[in-house]
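Note sheet for the following structure.
Here's what the structure looks like:
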């Protein structure tokens with residue numbers, strides 16, 4: 049990272065709307081930015097990993113969930129969507145079995161009914177959830 053915690057060039061990340069029995073999973077962020085706020089799980093792509101591998105790996109690390117279905121939803125490239133710098137993000141929705149258990153940089157993980165989510169969510173994740181609802185006809 050560059051001075052001031054800003055990324056020196058556009059980074060690539062994934063954000064995932066994860067369906068489990070009872071709703072979708074949100075994490076309470078353990079680190080800045082938006083520390084303590086609810087967000088979709090996700091993370092930065094590492095060199096050598098595909099976006100799909102990144103999504104599956106992040107869900108395992110942050111939620112201890114194994115994804116059995118992963119569907120691309122949208123690409124987000126607004127350079128101002130993340131206070132750390134320009135982050136291009138691939139949005140997915142996924143299905144998983146089991147109950148999430150917070151890990152990695154997630155302070156807490158919880159399942160919420162899709163129509164009873166806390167608001168506002170961190171970053172632009174409210175928009176992501178709305179697009180998920182449209183994709184899934186909810």
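Residue numbers (this note's numbering): 49 to 186. By construction, the Cβ of each residue, glycine as well, lies at the ideal position given by its N, Cα and C atoms.
What residues in its chain sit with their C-beta under 6 Å from that of residue i, if we drop five residues either side in the sequence?
i: residue 161; result: 71
i: residue 135; result: 59, 61
So what does DSSP say about residue i, is it helix, strand or coil?
i: residue 156; result: strand
i: residue 49; result: Since pLDDT at residue 49 reaches only 49, below the 50 mark, its modelled position is unreliable, and no value is offered.
i: residue 63; result: strand
i: residue 184; result: coil
i: residue 77; result: strand
Go to residue i, then tell me how far its alpha helix (DSSP H) extends in each direction, as first and last residue.
i: residue 162; result: Note, residue 162: premise wrong, no alpha helix (DSSP H); not H, not E.
i: residue 104; result: 99 to 111
Just tell me which of the options has its CA closest to the CA of residue i.
i: residue 124; options: 63, 108, 88, 113; result: 63
i: residue 77; options: 105, 176, 96, 151; result: 151
i: residue 116; options: 86, 169, 66, 177; result: 66
i: residue 73; options: 137, 98, 112; result: 112
i: residue 84; options: 99, 186, 106, 167; result: 167
State the start and end residues of the unbroken beta strand (DSSP E) segment that holds residue i.
i: residue 142; result: 135 to 144
i: residue 124; result: 115 to 124
i: residue 91; result: 90 to 92
Rounded C-beta distance between residue i and residue j? I'm assuming under 8 Å.
i: residue 102; j: residue 93; result: 5 Å
i: residue 171; j: residue 104; result: Actually they do not touch by this definition, with Cβ atoms about 21 Å apart.
Which residues in the same chain as residue i place their Cβ atom closer than 7 Å to its Cβ, once the five residues preceding and following it in sequence are excluded?
i: residue 121; result: 139, 140, 141, 179, 180, 183
i: residue 99; result: 62, 93, 138
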